[in-house]
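J.: This is the structure, below, for whatever I ask next.
The structure is reproduced here in C-alpha cells:
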C-alpha cells in the first residue's frame, strides 16, 4: 500500500540545503516523485526545482524560459553551479596573488627604512689610544705603556710627563701710581696661569 499523500508531502517540502550539489538534489527529487504517482512527473520535478532555487540570477533566468523541459532546467542549473565554483576559485587565487605582491613590495621598503634610520654608534677620539673607534673597542685595552709602564694606554698619548712640567708663569713688574696728596706703591706678584692663581700685594703708602 502506497502512502501517496505523505510521499507528496515529502516531495514538496524537500529543501535544497546550501552547499548541496545540484545533481544530488535533482536525483533525490526524482526518487521522491516516483512515490507520488504524479501524472506528469517530469513537470512536477521541474517546478519543484525552480521553486527551490535560492540564487536570484538563476531563478530569473529559469523564469524567462517559456515552458522549459526538465532537462533544460537541469542543464541551466548545472551550468550556473559550475560557473559559481570557478568564480570562487578565481577570486581566491586573485586574493592570494595580491597578498603575496603586497608583502613583497612592503618587505623591501621596511628593510630600507630600518637600514636608513638605524643609528650608527658614535665615534670619538680616544684618550687612551689617540684614534677613533667604537665604544669598548679600544686597541690599547690591556696594553702596557712603554713610557710610564702603566696599563690600558699607549705611550703616544701618555700624560705622565705633563704632571711634572713647571707651570707657565707671567711676571708683572712693579707699578707706581703717584698723586699730589700721597703716593702709593703697588707690586703685583707672579701669576700662575696653569693654576689660575693671582697674588697681589699692596705696599704701604709713602
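In UniProt numbering, the protein residues as written are 1 to 206.
In this text, a Cβ means the ideal position worked out from N, Cα and C, and glycines have one as well.
If we call anything under 8 angstroms between Cβ atoms a contact, is residue 4 one with residue 37?
T.: Yes. Within cutoff.
J.: Give the range of the alpha helix (DSSP H) segment to which residue 208 is assigned.
T.: The structure shown does not extend to residue 208, since the chain spans only 1 to 206, so no value can be given for it.
J.: Thinking C-beta only, is residue 46 closer than 8 angstroms to residue 73?
T.: Yes, they are a contact pair.
J.: When the distance is taken between beta carbons, is residue 145 closer than 8 angstroms to residue 126?
T.: No.
J.: With respect to the alpha helix (DSSP H) encompassing residue 6, which residues constitute its N-terminal and C-terminal limits?
T.: Start and end: 4-12.
J.: Between residue 63 and residue 80, is the Cβ-Cβ spacing less than 8 angstroms?
T.: No, the pair does not count as a contact, with Cβ atoms beyond the cut-off.
J.: Helix, strand or coil for residue 124, going by three-state DSSP, please let me know.
T.: Of the three classes helix, strand and coil, the one that applies to residue 124 here is strand, per DSSP.
J.: Identify whether residue 144 lies in helix, strand or coil by the three-state DSSP scheme.
T.: DSSP places residue 144 in strand when its eight states are reduced to three.
J.: Nearest to residue 154 by CA position, among 75, 130 and 11, is which residue?
T.: Among 75, 130 and 11, the Cα nearest to that of residue 154 belongs to 130.
J.: Run the CB neighbour count on residue 48, radius 10 Å, all protein chains shown included, and call it buried at 16 or more, exposed below.
T.: When all chains shown are included, residue 48 counts as buried.
J.: Just reading off the alpha helix (DSSP H) that residue 49 is part of, what are its end residues?
T.: From DSSP, the alpha helix (DSSP H) with residue 49 extends over 41-52.
J.: How big is the Cα-Cα spacing for residue 44 and residue 56?
T.: Near 21 angstroms, if we compare the C-alpha coordinates of residue 56 and residue 44.
J.: Out of 76, 135, 28 and 9, which one is the CA nearest neighbour of residue 17?
T.: Nearest C-alpha to residue 17: 28.
J.: Quick one: using the 10 Å Cβ neighbour count with 16 as the cut-off for buried, is residue 182 buried or exposed?
T.: The predicted model places residue 182 with a pLDDT of 43, which falls under 50 and marks its position as unreliable, so this point remains unresolved.
J.: On a CA-only basis, which of 68, 50 and 8 is nearest residue 39? Give me that one, please.
T.: Residue 8 is the option with its Cα nearest to residue 39.
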